[in-house]
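Numbering (our numbering), first residue to last: 1 to 396. Backbone N, C-alpha and C define an ideal beta-carbon position, used for all residues, glycine too. Everything on this sheet refers to the single structure shown next.
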């Protein structure tokens with residue numbers, strides 16, 4: 001006989017929330033708290049992120065977010081500096097009773113059904129519809145406009161015909177075209193000696209740095225211009241270099257120009273890109289151009305993924321999807337300039353990301369590095385309400 005699923009205790013209770021608040025004040029981890037209240041650590045993490053509230057006191061001296069709030073537990077409960085007047089940042093705290101009150105309010109609104117006769121619904125529909133027509137993604141539109149609705153609810157309303165837009169207006173509603181066959185030119189085996197994917201894993205495990213960048217090439221039309229892309233794996237921050245052709249000589253020339261441009265701005269390529277990971281495309285054959293500085297000394301390490309293994313560099317592959325929202329497959333790059341490429345990636349980096357709790361890749365990168373470095377790489381700040389994530393960007 002099949003065991004009946006127990007639906008009791010599915011939702012967080014006030015007692016659970018009080019326990020979470022007390023455990024946070026003692027500095028316990030999400031995993032430890034989850035064991036105490038018999039919940040999944042992810043559930044505890046989501047609870048704290050969702051119901052943490054930010055406030056400022058008279059001694060707050062800046063509107064910037066405290067760096068400690070960028071990682072678990074994401075709130076000031078348990079922080080030794082929380083009650084210290086010397087702390088200059090706004091506070092963010094988790095309150096059990098306030099969290100319970102917010103939960104009950106949302107639950108009550110959810111049980112009312114779809115508020116087709118409410119002004120708030122029509123306002124939300126108008127904002128979402130306008131954003132989607134500008135090529136923005138649902139999650140980005142919700143976060144950018146601080147809408148009190150989830151992505152699942154919006155998709156459900158669209159599917160049921162409550163919005164003026166339909167699934168066909170969504171960039172993810174259409175299927176991707178089959179992946180094209182790999183380019184016949186590959187990196188020679190001799191150049192890959194000591195630079196295989198297994199060598200990469202070993203180097204990262206022994207190295208003092210966890211930072212690395214993934215590289216790839218986006219193809220336009222056959223025998224035309226291509227774009228060599230770079231992404232900072234931990235930050236999803238991407239930029240690109242326009243190449244006249246897909247050759248090792250052209251790639252080496254452009255990477256050398258990048259190193260010169262960074263040097264003029266006061267940055268060193270090896271400090272920013274200590275490790276590079278890419279595929280076996282022939283354009284990456286000149287390893288010295290990538291690894292050596294302008295005087296010929298070693299400053300970076302390049303490694304190559306296994307053949308036909310794009311999953312070994314998932315960040316750059318996934319972010320190409322955002323690039324293709326603006327420049328779909330088959331788009332010619334022959335009339336592009338480097339300024340066009342910079343504009344595209346500036347908008348891509350401005351998209352609010354769920355994995356960053358509503359922050360954009362640009363926000364994360366400039367927090368970790370600086371606006372000056374982003375500008376040196378050709379990326380500019382784009383306000384959330386000005387993001388265009390569709391081919392309309394190229395027309396403008």
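Given 8 Å, three or more beta-carbon pairs between the region 201 to 213 and the region 251 to 271: At 8 Å Cβ cutoff, the stretches do not touch.
Given residue 65 as reference, the closest of 38, 54, 240 once Cα atoms are compared: Out of 38, 54, 240, 54 has the C-alpha closest to the C-alpha of residue 65.
For residue 435, three-class secondary structure by DSSP: In the structure as shown, the chain starts at 1 and stops at 396, and residue 435 therefore has no counterpart that could be examined.
Cβ-based burial, residue 21 [other Cβ within 10 Å; buried from 16]: Residue 21 is buried by the Cβ-count criterion.
Backbone secondary structure at residue 350 - three-state DSSP: Annotated three-state conformation of residue 350 is coil, per DSSP.
Span of the alpha helix (DSSP H), counted from its first residue to its last, around residue 35: 30 to 37 is the extent of the alpha helix (DSSP H) around residue 35.
Contact with chain D by residue 147, beta-carbon distance below 8 Å: Going by chain labels, chain D is absent from the structure shown, which holds only one protein chain.
Given residue 308 as reference, the closest of 281, 56, 323 once Cα atoms are compared: In this structure, 281 is the residue among 281, 56, 323 with its C-alpha nearest to the C-alpha of residue 308.
Cβ shell of residue 60 (< 6 Å), same chain only, five flanking positions each side left out: Counting only Cβ-Cβ distances below 6 Å, and skipping sequence neighbours, we find 90.
DSSP three-state assignment for residue 397, whether helix, strand or coil: No answer is possible for residue 397: the residues shown for the chain start at 1 and end at 396.
Cβ pair count under 8 Å reaching 3, the region 349 to 364 against the region 134 to 142: Three or more beta-carbon pairs drawn from the region 349 to 364 and the region 134 to 142 are found closer than 8 Å, and the two stretches are therefore classed as touching.
Helix, strand or coil at residue 167 according to DSSP, with G and I counted as helix: Reduced to three states, the DSSP call for residue 167 is helix.
Residues bridged to residue 229 (per DSSP): For residue 229, which the question treats as bridged, DSSP gives the partners 216, 240.
Closest by C-alpha distance to residue 393, when choosing among 371, 367, 358, 343: The candidate whose alpha carbon is nearest that of residue 393 is 343.
Residue 79 beta carbon near the ligand COA (any heavy atom closer than 7 Å): The ligand COA is absent from the structure shown, which contains no ligands of any kind.
Pair within 8 Å by beta-carbon distance, residue 208 and residue 333: With a cutoff of 8 Å on beta-carbon distance, residue 208 and residue 333 are scored as not near each other.
Residue 34 versus 326, 288, 19, residue with shortest Cα-Cα distance: Per the Cα distances, 19.
Proximity to residue 270 [Cα-Cα], best of 306, 212, 239, 48: Considering only alpha carbons, the answer is 212.
Endpoints, the alpha helix (DSSP H) within which residue 375 is located: If you look at residue 375, you'll find it in the alpha helix (DSSP H) that goes 371 to 376.
Cβ-based burial, residue 62 [other Cβ within 10 Å; buried from 16]: Answer is exposed; the Cβ neighbour count stays below 16.
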